[in-house]
Structure formats: C-alpha cells, structure tokens
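Residue numbers (the numbering used here): 281 to 394. Just so you know, even glycine gets a beta-carbon here, dropped at the ideal spot from N, CA and C. One structure below.
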C-alpha cells in the first residue's frame, strides 16, 4: 500500500512563505501527475498545482506567480513552495498522485494570519 505523507504546514503571517513536502513511501507507477489540492471547511476541494511526468506545471489562477510545484524523483518527493501567502490561502493542503491508481495524503494544515 502506497502512502503519501505531507509535511511543512503551519501558521504563518500574511506575506510569509512555507514549503510543503509530499513523500511517497515508494516509487509510484502508472502515475501521470502529482498534484496539490486544498480544502477549506465548507468549500469544495480545489486543485492548486500539478506537475506531470514531463515536468510541465499548471496552477490555479489564485496562486500563479506565488506558488511553485517541483519534484525530486530520487526522493519520491513533491514540493509546493508557497510565497506571499494570503489569509485566503488558509486550508488543509492535500498531496495527490493521479493516474491509473490514485493516492491521497492525509493533509497538512496551512493557516495564514492577517
């Protein structure tokens, strides 16, 4: 069973930065992309960023220019660098591996204070 473990969340002031990490317990096969989602209570889960096997990236309009997704295949790890954080970025952030098989992490809380 594959596990995705997120880390790096926490409390930060507006304008600050955090880097989230998502470590897979083993090399993932049949995966087309790695993704970061976020969800605030009472809202739908939102796709924040993705990186595909060709290292192309996509971002939600709300985070373009502020967030960067990257990967280290040797470490089976995906990162989300978040800069210029805003209170509206507050959410639980989930790592996702998307392909023939789909895996989710347990989530990590990010809280941005104004």
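Three-state secondary structure (DSSP) at residue i?
i           : result
residue 326 : strand
Could you tell me which residues DSSP pairs with residue i in its beta bridges?
i           : result
residue 379 : 311
residue 351 : 358
residue 293 : 393
Between the options, which lies nearest to residue i when the distance is taken from Cα to Cα?
i           : options            : result
residue 377 : 370, 385, 293      : 385
residue 318 : 383, 375, 379, 382 : 375
residue 346 : 356, 333, 369, 353 : 369
Kindly list the residues whose CB is nearer than 8 Å to the CB of residue i, restricted to its own chain and excluding five residues on each side of it in sequence; keep chain order.
i           : result
residue 367 : 294, 392, 393, 394
residue 297 : 361, 362, 363, 364, 365
How many Å lie between residue i and residue j at the Cα?
i           : j           : result
residue 299 : residue 371 : 14 Å
residue 343 : residue 331 : 15 Å
residue 388 : residue 373 : 5 Å
residue 292 : residue 303 : 22 Å
residue 286 : residue 316 : 10 Å
residue 349 : residue 321 : 24 Å
residue 337 : residue 326 : 16 Å
Whose C-beta lies closer than 6 Å to the C-beta of residue i among residues of the same chain, with five residues either side of it excluded?
i           : result
residue 311 : 377, 379
residue 358 : 302, 314, 351
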